[in-house]
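Note that the sequence shown covers residues 1 to 124 in the UniProt record's numbering.
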Amino acid sequence: MSEAFPNGLAARCRRIINAFHYSMKGLNTVVRHEAAVQDELLVLVPAVVLALLLGDTGVEKALLIGSWVLVIIVELLNTAVESLTDRVGTEWHPLSGQVKDIGSGAVFVAMCLAAVVWLCVLLG
Numbered sequence: 001m002s003e004a005f006p007n008g009l010a011a012r013c014r015r016i017i018n019a020f021h022y023s024m025k026g027l028n029t030v031v032r033h034e035a036a037v038q039d040e041l042l043v044l045v046p047a048v049v050l051a052l053l054l055g056d057t058g059v060e061k062a063l064l065i066g067s068w069v070l071v072i073i074v075e076l077l078n079t080a081v082e083s084l085t086d087r088v089g090t091e092w093h094p095l096s097g098q099v100k101d102i103g104s105g106a107v108f109v110a111m112c113l114a115a116v117v118w119l120c121v122l123l124g
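Below is the structure:
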């Protein structure tokens, strides 16, 4: 069997399983400890229901849901950047503040995009 899978099928499967485990661990951490992620997930639930009710086509429904999922993805990345910045040093530094502000700005842009998508789809 090792001839058909030179890098080893078992090793590949183990890597995928480990990656899944680490992903779930990270999601669990942000859901339990990050208020912004908790708030955005609270918005996601009714947003999905509204998207399924108000979207006329599958594409519209996907755009409505996907635009808010994008906000959560950007928030996850922002949280990772903020955590790394805090890990580097907890003392105040202008670049640390700038990095955190830029991450927050990215979340804001994603939210604006979601609002535009919702307005375009719902207003026609």
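Each residue gets a CB set at the ideal place from its N, CA and C atoms; glycine is no exception. None of the values given here were measured: they were computed from a predicted structure.
7 Å Cβ cutoff met for residue i and residue j
i: residue 60; j: residue 121; result: yes
i: residue 63; j: residue 110; result: no
i: residue 40; j: residue 72; result: yes
i: residue 68; j: residue 36; result: no
Residue i in three-state terms, based on DSSP
i: residue 75; result: helix
i: residue 103; result: helix
i: residue 39; result: helix
i: residue 68; result: helix
i: residue 58; result: helix
Span separating the alpha-carbon of residue i from that of residue j
i: residue 66; j: residue 45; result: 12 Å
i: residue 84; j: residue 119; result: 35 Å
i: residue 96; j: residue 112; result: 24 Å
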